[in-house]
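**Q** Residue numbers (our numbering): 23 to 333. By construction, the Cβ of each residue, glycine as well, lies at the ideal position given by its N, Cα and C atoms. Note that the coordinates shown come from a computational prediction; the quantities given were computed from them, not determined experimentally.
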Ligand SMILES: Cc1cc2nc3c(=O)[nH]c(=O)nc-3n(C[C@H](O)[C@H](O)[C@H](O)COP(=O)(O)OP(=O)(O)OC[C@H]3O[C@@H](n4cnc5c(N)ncnc54)[C@H](O)[C@@H]3O)c2cc1C
């Protein structure tokens, strides 16, 4: 694994000034769904909101910041992430009902937990979150969705911390959402969000969740080391069909392979590196482009340093 030799110097800038955990050269693969990637030069888990604000306030402006949730949509490259990686912890893992049809959730809450909370409170329209891995903060940024619904359909507002430690709130209308994308900039840290559900029949919600779970179990490799859909679906076309029809199913790169269950999922079957996974993705892109003329766009976020992928 890579090693940032100045990591202790970076840590010294914050030692004794913040209350949360600071880890130098943290092996970030531990939290990544793919189980690949180098180290974070400095990982910070703020104790609470005040601590996060303070950290951002004292952080020198030339130190890059990366925010990670469950790293279920992210490929961390093999030479790691320079600067600071922030992971929100327990204080940001809360849910509360704020009105009969409204829920406020901290950004570190798993999306699945949001759906389960909604079920408990007879709120419909949130079942799609049940099968999406990762945190709600990541879902707000990515406009995550499934089964015909996405975060943009349920969000009322979200709170953020900016690169100077200032807190502000954006309403849905302030955020520009697209398919699995938003204009939330990479240095904005989502700390919480308020969402809307609709009063619904408990039995119907249970049936919906069970239907989604059943579909997932049969159609996607959800227990494997993966990053979810590798590529976005082009308009009116399924990426997995393009990949299948381009004859990519048998492609591999080291231990990075294409899932047998779903051709748009790449799996680390053991000792794949981030390079292997990215290389396999680029091989797929190239073959689909040659066969169909369509340029697939990565849905998985690729971050950090690593060898340049060249075909
Ligand atoms: C098996 C599997 C199935 C999946 N199925 C789906 C699916 O059906 N639909 C779907 O949309 N996605 C799916 N995904 C992708 C992924 O689960 C979602 O995008 C998820 O919402 C990402 O959350 P995360 O916390 O893991 O984000 P991460 O991967 O940690 O981060 C994703 C992006 O969000 C940013 N981010 C994370 N937290 C915050 C925060 N608090 N504030 C600001 N920015 C933040 C990161 O910087 C990064 O840019 C799947 C993934 C897997 C592994």
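Excluding the 5 residues flanking residue 224 on each side, which residues of the same chain have their C-beta closer than 6 Å to its C-beta?
**A** Counting only Cβ-Cβ distances below 6 Å, and skipping sequence neighbours, we find 144.
**Q** If residue 137 and residue 231 are in contact, beta carbons under 8 Å, what's the gap, nearest whole angstrom?
**A** Contact flag correct, Cβ pair sits at about 7 Å.
**Q** Can you tell me which of the three DSSP states residue 252 falls into?
**A** Here residue 252 sits in coil by DSSP.
**Q** Spell out the partners DSSP gives residue 190 in its beta bridges.
**A** In DSSP, residue 190 forms a bridge with 182.
**Q** Does residue 300 come out as helix, strand or coil in the three-state DSSP assignment?
**A** Helix, per DSSP.
**Q** Mapping the DSSP letters down to three states, classify residue 242 as helix, strand or coil.
**A** In this structure, residue 242 counts as coil in the three-state DSSP scheme.
**Q** Grouping DSSP H, G and I as helix and E and B as strand, with all else coil, what is residue 268?
**A** Three-state result, residue 268: coil.
**Q** Assign residue 237 to buried or exposed, taking buried as 16 or more other Cβ atoms, counted over all protein chains shown, within 10 Å of its Cβ.
**A** Exposed: under 16 other Cβ atoms inside 10 Å.
**Q** On the three-state DSSP scale, how would you describe residue 55?
**A** DSSP places residue 55 in coil when its eight states are reduced to three.
**Q** Is residue 218 helix, strand or coil when you go by DSSP?
**A** Reduced to three states, the DSSP call for residue 218 is strand.
**Q** Hey, quick one: how far does the beta strand (DSSP E) through residue 87 stretch, first residue to last?
**A** Note, residue 87: beta strand (DSSP E), 87-90.
**Q** Using 10 angstroms around the beta-carbon of residue 79, count the other beta-carbons present and answer buried if the total reaches 16, otherwise exposed.
**A** It is exposed - the Cβ of residue 79 has fewer than 16 other Cβ atoms within 10 Å.
**Q** Spatial neighbours of residue 319 within its chain, please: C-beta separation below 7 Å, excluding the five flanking residues on both sides.
**A** Only 253, 254 meet the Cβ criterion.
**Q** For the candidate residues 274, 105, 284, 283, whose alpha-carbon lies nearest to that of residue 304?
**A** Closest option to residue 304, Cα to Cα, is 274.
**Q** Would the stretch 255-265 and the stretch 24-32 be scored as touching if the rule is three or more Cβ pairs under 8 Å?
**A** Result no; under three Cβ-Cβ pairs closer than 8 Å.
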